[in-house]
Amino acid sequence: MESGKLAIIGGGKLGSALAEGMIRAGLIAEYRIHITRRNAELLKPLADKGLITGSDNIAAVKDASIVLLAVKPWQVEEVLGSLVDSLAPSAVIISLAAGVSLKKLQEASGDRFTVFRAIPNTAVAVCESVTAVCSVNASEGDIKLVGSLFSGLGIVEFIPEDKINAATVLASCGTAFALRYIRAAVEAGVEIGLSPETAVNMVAQTVKGAASLLLDGDAHPEAEIDKVTTPGGVTIAGLNAMEHAGFSSSIILGINAAFRKTENK
Ligand SMILES: NC(=O)c1ccc[n+]([C@@H]2O[C@H](COP(=O)([O-])OP(=O)(O)OC[C@H]3O[C@@H](n4cnc5c(N)ncnc54)[C@H](OP(=O)(O)O)[C@@H]3O)[C@@H](O)[C@H]2O)c1
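Under this note's numbering, read the sequence shown as residues 445 to 709, first letter to last.
Structural data, given as C-alpha cells:
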C-alpha cells in the first residue's frame, strides 16, 4: 500500500544508486518516488522502471513526506533554501551530503523542519549499504521512519553527529578500500593461474562470506582468522608475508589519512 511520496533531489551516482535500491527493496509500492537532476534525460533508466523523473525540484517535493538531498555538498544549502517554501509542513529532510552539518541544514531550512544527515554507500543500489544516520530533535516517529527506510536498503547505525566523518571514511570510502583489496587479490589470483572471471567470483564471494561470518553471527575477526590458520600452514605464511609488507598498518594509515581529510587537517 502506498504511504506517501518521496523525493530524491540530485539523481547522480548516489541519488541513482539509492533509487535503484528502493526499486529493488520494493519501496516503489510504498512510496511514489520522484527523482530530479538538471540533466533529466539521464534519468530515463529510472523512469523506465516506474519512477517519476524530471528537473523540477519544486514539483518533486510537493506533498513529499520524505525529501532526500543528494546534490554535491556545496549545493545543498542553496538547493534546500530554494525548496523550503514548497515543502509539506511535516516533511522530513534527509541530507546525504558529506560535511554539511545539521546546524547548516537547519538554518537553510529556516529551522522549520526535522532534518537528518544520512551517509549510505554505493552498495545501497543492491540493498547492502550500511547507512550512518544522525539528527537533532527528531521525534521517535521520524527516527523510526528514517530507520525503516534505510534498513530496507541494508543496515542502519544511528550515531552522534561528531562521529559522522569517521563513519563516512569507514563505510563510504570503505567501499573503495574493500574493492582495492579485491582487485589486488584478483591480480594475484590470475598470476597463480585462475582466469580473471573465476578469480573475481572467488574473491568477491570470499569477502562476502567473511563479512557474513561477522554480521550473521557475533564472531570476532581474529577468532575467525584462527579457525583457518593451521600452525606452520599455508594461511599463516600468507598472512605474515602480508604483514611484513605492511598490510594492516597501510590500512590504518589510509583510514587515518582519509579521516584527516574530512576534518580538513
Ligand atoms: N558517492 C558516494 O559514495 C557518497 C556517499 C555518501 C554521501 N555522498 C554524498 O552524496 C552527494 C552526491 O554525491 P554523488 O557522488 O552522487 O555526486 P554526483 O554524481 O555529482 O551527483 C549529484 C547530482 O546532483 C545533480 N544536481 C546538481 N544540481 C542540481 C539541482 N539544482 N537540482 C537537482 N539536481 C541537481 C547533478 O546532476 P545535474 O548536473 O544533471 O543536475 C548530479 O547528478 C554528495 O553530497 C556526497 O557528499 C556520496
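Backbone N, C-alpha and C fix where the C-beta goes; we use that ideal spot for every residue, glycine too.
Query raised in the report: If you run the structure through DSSP and keep just helix, strand and coil, what is residue 704?
Result: Residue 704 falls in the helix class under three-state DSSP.
Query raised in the report: Counting Cβ pairs closer than 8 angstroms, one from the segment 448-455 and one from the segment 481-492, do we hit at least three?
Result: Flag = yes, the segment 448-455 and the segment 481-492 touch.
Report task. For residue 477, count neighbouring C-beta atoms within 10 Å of its own C-beta (all shown protein chains included) and say buried if the count is 16 or more, exposed if not. Result -> Here residue 477 is buried: its Cβ has 16 or more other Cβ atoms, across all protein chains shown, within 10 Å.
Report task. For residue 617, collect the residues of the same chain with a Cβ closer than 6 angstroms to its Cβ; drop the 5 residues on either side in sequence, then sort them by chain order. Result -> Apart from the 5 residues on each side of it in sequence, residue 617 sits with its Cβ closer than 6 angstroms to the Cβ of 702 in its chain, given in chain order.
Query raised in the report: Along the chain, which unbroken stretches of the alpha helix (DSSP H) at least 4 residues long are found entirely within the segment 605-664?
Result: Runs of the alpha helix (DSSP H) lying entirely within the segment 605-664 and spanning at least 4 residues, in chain order: 608-611, 618-635, 640-659.
Requested in this report: Quick one: grab the DSSP three-state call for residue 445.
Outcome: The predicted model places residue 445 with a pLDDT of 40, which falls under 50 and marks its position as unreliable; any figure quoted below should be read in that light. Correct three-state label for residue 445: coil.
Requested in this report: For residue 629, collect the residues of the same chain with a Cβ closer than 6 angstroms to its Cβ; drop the 5 residues on either side in sequence, then sort them by chain order.
Outcome: Taken in chain order, the residues that qualify are 647.
Requested in this report: Could you tell me the distance, in whole angstroms, from the CA atom of residue 708 to the CA atom of residue 674?
Outcome: Whole-angstrom Cα-Cα distance: 44 angstroms.
Query raised in the report: Bridge partners of residue 476, per DSSP?
Result: Under DSSP, residue 476 forms a beta bridge with 449.
Query raised in the report: What are the residues that DSSP puts in a beta bridge with residue 601?
Result: The partner list for residue 601 (beta bridge, DSSP) reads 576.
Query raised in the report: For residue 580, is the classification buried or exposed, using 16 other Cβ atoms within 10 angstroms of its Cβ as the cut-off for buried?
Result: By the neighbour-count rule (16 or more Cβ atoms within 10 Å), residue 580 is not buried but exposed.
**Report entry** Collapsed DSSP secondary structure at residue 541 in the structure displayed
**Finding:** DSSP places residue 541 outside both helix and strand once states are collapsed to three, so it counts as coil.
Query raised in the report: residue 574: which of 588, 550, 450, 603 sits nearest, CA to CA?
Result: It is 603 whose Cα lies nearest to the Cα of residue 574.
Query - Given residue 656 as reference, the closest of 637, 599, 509, 569 once Cα atoms are compared - result: The shortest CA-to-CA distance from residue 656 to any of 637, 599, 509, 569 is the one to 599.
Requested in this report: Out of 609, 513, 531, 558, point me to the one whose CA is closest to residue 502's CA.
Outcome: Nearest option by C-alpha distance: 531.
Report task. Go ahead and label residue 557 buried or exposed: buried means 16 or more other beta carbons lie within 10 angstroms of its beta carbon, across all protein chains shown. Result -> Answer is buried; the Cβ neighbour count reaches 16.
Query raised in the report: Taking residue 719 as the reference, which of 584, 513, 576, 620 has the closest Cα?
Result: With the chain covering only 445 through 709, there is no way to say anything about residue 719.
Query raised in the report: Can you tell me whether residue 563 is buried or exposed, with buried defined as 16 or more other CB within 10 angstroms of its CB?
Result: By the neighbour-count criterion, in which 16 or more other beta carbons inside 10 Å mark a residue as buried, residue 563 falls on the buried side.
**Report entry** Cα-Cα separation between residue 507 and residue 589, rounded to whole angstroms
**Finding:** Rounded to whole angstroms, residue 507 to residue 589 spans 16 angstroms at the Cα level.
Requested in this report: Report whether the distance from the Cβ of residue 550 to the nearest heavy atom of ligand 1 is below 7 angstroms.
Outcome: Checking the 7 angstroms criterion, the Cβ of residue 550 is out of range of every heavy atom belonging to ligand 1.
Requested in this report: Return yes when the C-beta of residue 454 is under 7 angstroms from any heavy atom of ligand 1, and no when it is not.
Outcome: Correct: residue 454 has its Cβ closer than 7 angstroms to ligand 1.
Requested in this report: Enumerate in chain order the residues of its own chain whose CB-to-CB distance from residue 690 is below 8 angstroms, with the five nearest sequence positions on each side excluded.
Outcome: Excluding its 5 nearest sequence neighbours in each direction, residue 690 has no C-beta neighbour in its own chain below 8 angstroms.
Query - Limits of the unbroken alpha helix (DSSP H) element including residue 498 - result: Careful: residue 498 lies outside any alpha helix (DSSP H), inside the beta strand (DSSP E) at 496-498.
Requested in this report: Please state whether DSSP places residue 690 in a helix, a strand or coil.
Outcome: In the three-state DSSP reduction, residue 690 falls in the coil class, being neither helix nor strand.
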